[in-house]
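Below is one structure, written out as C-alpha cells, with a few remarks after it.
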Amino acid sequence: MSEIDDKMRRALPLTEATYYVLVSLVEPRHGYGIMQNVAALTGGEVRMGPGTLYGALTNLLKQGLIERSGDEEAEGERRKTYGLTTLGRSIVLLECKRLETMARIGRAAAERIRSQENEKDGKEETTS
Amino acid sequence: MKEIETKTVIRAFGAWNSEREERWLGRMAGKGWRLIAPRGVFYRFERAAPADVVFRLDYQSPKRTERAEYLGLFQDAGWEHAGEFGGWHYFRTPAGDGPPPEIHTDTESRVAMYRRLLGFMAIICIAVWVPFFTNLRGPWRSGTFWAVVRIFQGLLLVIWVYALIRLGRKIRELKQGGRRKISREICPPLSKHKTHMGQ
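So, in C-alpha cells, the structure goes:
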C-alpha cells in the first residue's frame, strides 16, 4: 500500500501533457486518437506534438499509470492502444480533486480582484 | 531514366544547437536540395523541386518493438521521417501559413530530450574519452607520433566537455525561458486583462 502511495506522490503534480494524455485515456485510444482528442477537448487550443506525446506515453508507461491494451501479439504494429491502469485511474481522481480545489480558490481571488477593479473605476469616475 | 543529381555536404552543428541545423536543412530544401541521408557531419541531398518545408529533430531511441509505433505517431501527425543518425531523428513537414509546426509542444519534453542527450554524452565522456586520453600517459610511448595522437585525443576531450557545458546551459535556458514565457502569457497587465474580460 505504501508503495502505491509512494508512486502516486512521485507522479503528482502532472504536467499539462501527461494530464491531457491521462484524461484522454479514460477510453482506450491509440496515439493519434489521443492527439485528436486533446485538440477536440480544448477546442483546438492545445495541440500536442508527436515528440511530446511519445515522451509522455513512455513516462506514463514507466510509472505504471497506463498500459498497452489489446493484442500484445501484434508486436511492431504501427498503432498501439493504451488504457489507464488502476493506479492511473486513482491518479486522475486525485489530480482532479487537487485542480478543483485550486480552481475554487482561484475563482474566489478573481472575484475579489474584479470587485476591487470596479471600485477603483467607480472612484475614478466620481473624481473626474 | 535520368539519374537524379545528388551531393554530400559536410557541416558540423553543435548538439546543443539543433535549431540551427533545422533551419539550415529547411533552407537547403528551399533551394531544391532534399535531405536523403544525414550521417553525422555528412549530409546527403538529392535534387528536387524547391519546397517550403520545416525540419524538426528529435533525440530518441525507441526499442526495436516500439520503433514502428514511434515513427507512426509522427506520420499520423503529418511528419515525414527523413532519416536518422546516432539517435537523432530528422522529420520534415510542409511549412504552411501559420506558426511553424512543432514536434515538441512543451518545455518539459524539450528539456527531457536534451537531458537524454546530455546523459548519453556524459557516459561516453567518462567511459571512453577520459580513459582514452589518460591511458597514453607513460614513458614508454614517447615520440612525435604519440605526441600528435595525444594532442588529438586531448582536443576531442576538450570539445566533448565543451559540448557538455553548452548542453547544460541549453537545458537551464530552456527551463528559465519556459517559465518566462508562461508568466508573460498568464499574467498580462490588469488593464489589458479587463478589456479581455469585457469581450
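As given, the protein sequences belong to chains A and B, one line each in that order.
No gaps in the numbering here: position 120 of the first sequence is 120 in the working numbering, and each next residue is one more.
No gaps in the numbering here: position 14 of the second sequence is 1014 in the working numbering, and each next residue is one more.
Virtual Cβ for every residue (Gly too), placed ideally from N, Cα, C.
It should be emphasised that the depicted structure is a prediction, and the values quoted were computed from it without experimental measurement.
Buried or exposed: where does residue i fall if 16 or more other Cβ atoms within 10 Å of its Cβ makes it buried?
i, result
"ASN37/A", "buried"
"ARG1180/B", "Only weak support exists for where ARG1180/B lies, its pLDDT of 47 falling under 50; the value from the coordinates is given anyway. That one is exposed."
"GLU1019/B", "exposed"
"ASP5/A", "exposed"
"ALA1029/B", "buried"
"MET102/A", "exposed"
"GLN1060/B", "buried"
"SER1109/B", "buried"
"TRP1129/B", "buried"
"GLY55/A", "buried"
"GLU1022/B", "buried"
Going by C-alpha to C-alpha distance, which of the options sits closest to residue i?
i, options, result
"LEU1167/B", "THR1008/B, MET1121/B and VAL1130/B", "MET1121/B"
"GLU1084/B", "ASP1058/B, ALA1029/B and LEU1155/B", "ASP1058/B"
"PRO13/A", "ALA109/A, GLY88/A and ASP121/A", "GLY88/A"
"GLU69/A", "VAL23/A, GLU100/A, ALA40/A and THR81/A", "The sequence given here places Ser at residue 69/A; Glu does not occur at that position. Per the Cα distances, THR81/A."
"SER24/A", "MET48/A, ARG9/A and ALA11/A", "MET48/A"
"GLY1096/B", "VAL1053/B, ALA1068/B and PHE1013/B", "VAL1053/B"
"TYR141/A", "THR1093/B, TRP1024/B, LEU1073/B and GLN1060/B", "Residue 141/A lies beyond the residue range present for chain A, which begins at 1 and ends at 128; the question has no answer from this structure."
"ARG1067/B", "LEU61/A, ARG78/A and GLY64/A", "ARG78/A"
"TRP1079/B", "PRO1062/B, GLY1086/B, ALA1147/B and PRO1101/B", "PRO1101/B"
"TRP1088/B", "PRO1099/B, LEU1155/B, MET1113/B and VAL1148/B", "MET1113/B"
Would you mind telling me which residues of chain B sit closer than 9 Å to residue i, beta carbon to beta carbon, in chain order?
i, result
"MET131/A", "Residue 131/A cannot be examined here, being either before or after the span of chain A that is shown, 1 to 128."
Listing by chain order, which chain A residues have their CB less than 9 Å from the CB of residue i?
i, result
"GLN996/B", "Residue 996/B lies beyond the residue range present for chain B, which begins at 1001 and ends at 1199; the question has no answer from this structure."
Are the Cβ atoms of residue i and residue j separated by less than 8 Å?
i, j, result
"PHE1042/B", "THR1008/B", "yes"
"LEU84/A", "ILE66/A", "yes"
"LEU1035/B", "TYR1090/B", "yes"
"GLU16/A", "ASP1106/B", "yes"
"ILE1103/B", "GLY44/A", "no"
"VAL21/A", "LEU61/A", "no"
"LYS123/A", "GLY64/A", "no"
Along chain A, which residues have their Cβ under 7 Å away from the Cβ of residue i?
i, result
"ILE1103/B", "GLY49, PRO50 and GLY51"
"TYR1162/B", "The premise fails here: TYR1162/B is roughly 26 Å from chain A at the closest Cβ pair, so nothing lies under 7 Å."
"GLU1108/B", "THR15 and ALA17"
"ALA1112/B", "GLY55"
*Return the residues of the stretch 10-34 of chain A that lie within a Cβ-Cβ distance of less than 7 Å from chain B, sorted by chain order.*
Against chain B - using a Cβ distance shorter than 7 Å - the residues of the stretch 10-34 of chain A are THR15, GLU16, ALA17, GLY31 and TYR32.
*Just by C-beta distance, which residues in the stretch 1007-1041 of chain B are closer than 9 Å to chain A?*
Flagged: no residues at all.
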